[in-house]
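Student:
Number of protein chains: 2
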Amino acid sequence: MPATLDQIKRSMQSTNDLFNSEVFGKRNFAALDDIYTRNARILPPGAPMISGRKAIKKFWSDMVQSANATSAVLASVDVMPVGDAAVEIGKATLTVEPPGQPAAQMEVKYVVYWQQEDSGWKWHVDIWNSNS
Amino acid sequence: MPATLDQIKRSMQSTNDLFNSEVFGKRNFAALDDIYTRNARILPPGAPMISGRKAIKKFWSDMVQSANATSAVLASVDVMPVGDAAVEIGKATLTVEPPGQPAAQMEVKYVVYWQQEDSGWKWHVDIWNSNS
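This is the structure we're talking about:
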């Protein structure tokens, strides 16, 4: 029986929550194995595209530690299932706490192309930009 | 007979070429009817998401005229067919010629979620950001 849209959304939300709780909250970058597909690509603002989970792990490890980022709360705006995959539009609130400065929040919007890999829903293409 | 990947890519390239030749080259914003689906959404850097073709037309009309943009050359980096749709990763070179200033070029990367509508391949979700 194929998953319902609600089941897909719940699976996706649990992946999104991992990104906040493990990667940003605990700096557990190994959790990115459960978030990105092996051949995932990210397209960050201000940098060229980055391909493959190993390079993506380095990106987030560098970013979280250099900005002292402490949370990344993701919320789906729209989930569009297509074939056995899905396209998500979402928004994120990032919190950074640079040493000696007050905490700051950034509002970001994103598009993720999701695929199923190893029985989980993962980010295969991930692009975002800032609202301001 | 389903279209081959090459046929899909050619259809997509002709849509992408319209964006350069008609929208940027001739400022024919009506051509956006053949480029975006009716319920398309764009996620531009520095602004909130914009929904629907009418609002998208206003965005590009304002942007092209205020920046005096003269070309937007798009090139696919990867096309991933999924279901009866496709996800494209691409790059674009935008040329702007502000009055009294030398022409400048901007390198942009993007992800487009393509759907078929009215027998053409069109942009349904369009997000981009700068490399620098």
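Chains as they are written, first to last, in the numbering used here: chain A, 296 to 427; chain B, 296 to 427. For each residue, glycine too, the CB sits at the ideal point set by N, CA and C.
Within its chain, find whatever has a CB closer than 8 Å to the CB of residue 365(A); leave out the 5 residues flanking it on each side and keep chain order.
Tutor: The residues 319, 320, 390, 391, 392 and 398, in chain order, have a CB closer than 8 Å to that of residue 365(A) in the same chain once the five nearest residues on each side in sequence are set aside.
Student: Mark residue 402(B) as exposed unless 16 or more other C-beta atoms lie within 10 angstroms of its C-beta, in which case mark it buried.
Tutor: exposed
Student: Would you mind stating whether residue 380(B) and residue 409(B) have Cβ atoms separated by less than 8 Å?
Tutor: yes
Student: Identify whether residue 400(B) lies in helix, strand or coil by the three-state DSSP scheme.
Tutor: strand
Student: Tell me which same chain residues have a C-beta within less than 8 Å of the C-beta of residue 386(A), skipping the five on either side of it?
Tutor: Shown here for residue 386(A): same chain residues with a beta carbon closer than 8 Å to its own, the five before and five after excluded, namely 369, 370, 372, 402, 403, 404 and 405 in chain order.
Student: Can you check the stretch 317 to 394 of chain B for any alpha helix (DSSP H) of at least 4 residues that lies completely inside it and give the ranges in chain order?
Tutor: Taking 4 residues as the minimum length, the alpha helix (DSSP H) runs contained wholly in the stretch 317 to 394 of chain B are 348 to 362, in order along the chain.
Student: What do you get for residue 363(B), buried or exposed, if any count of 16 or more other CB atoms within 10 angstroms of its CB means buried?
Tutor: exposed
Student: Look at residue 367(B) and residue 315(B) and say whether their C-beta atoms are less than 8 Å apart.
Tutor: yes
Student: Below 7 Å on C-beta distance, what does residue 309(B) contact in chain A?
Tutor: What residue 309(B) touches in chain A: nothing, since even the nearest Cβ is about 22 Å away.
Student: Do we get a CB-CB distance below 8 Å when we pair residue 380(A) with the residues of chain B?
Tutor: So, interface residue.
Student: Give the DSSP bridge partners of residue 422(B), in chain order.
Tutor: 338(B) and 406(B)
Student: For residue 322(B) and residue 313(B), what's the separation of their Cα atoms in angstroms?
Tutor: So the alpha carbons of these two residues sit roughly 11 Å apart.
Student: Check whether the Cβ atoms of residue 431(A) and residue 340(B) lie closer than 8 Å to each other.
Tutor: Because chain A in this structure spans residues 296 to 427, residue 431(A) falls outside the shown range and cannot be described.
Student: Which residues of chain A have a Cβ atom closer than 8 Å to the Cβ of residue 344(B), listed in chain order?
Tutor: 372, 384 and 404
Student: Leaving out five residues before and five after residue 376(B) in sequence, what residues of the same chain have Cβ atoms less than 7 Å from its Cβ?
Tutor: 300 and 303
Student: Could you pull the start and end residues of the alpha helix (DSSP H) that residue 310(A) belongs to?
Tutor: 300 to 313
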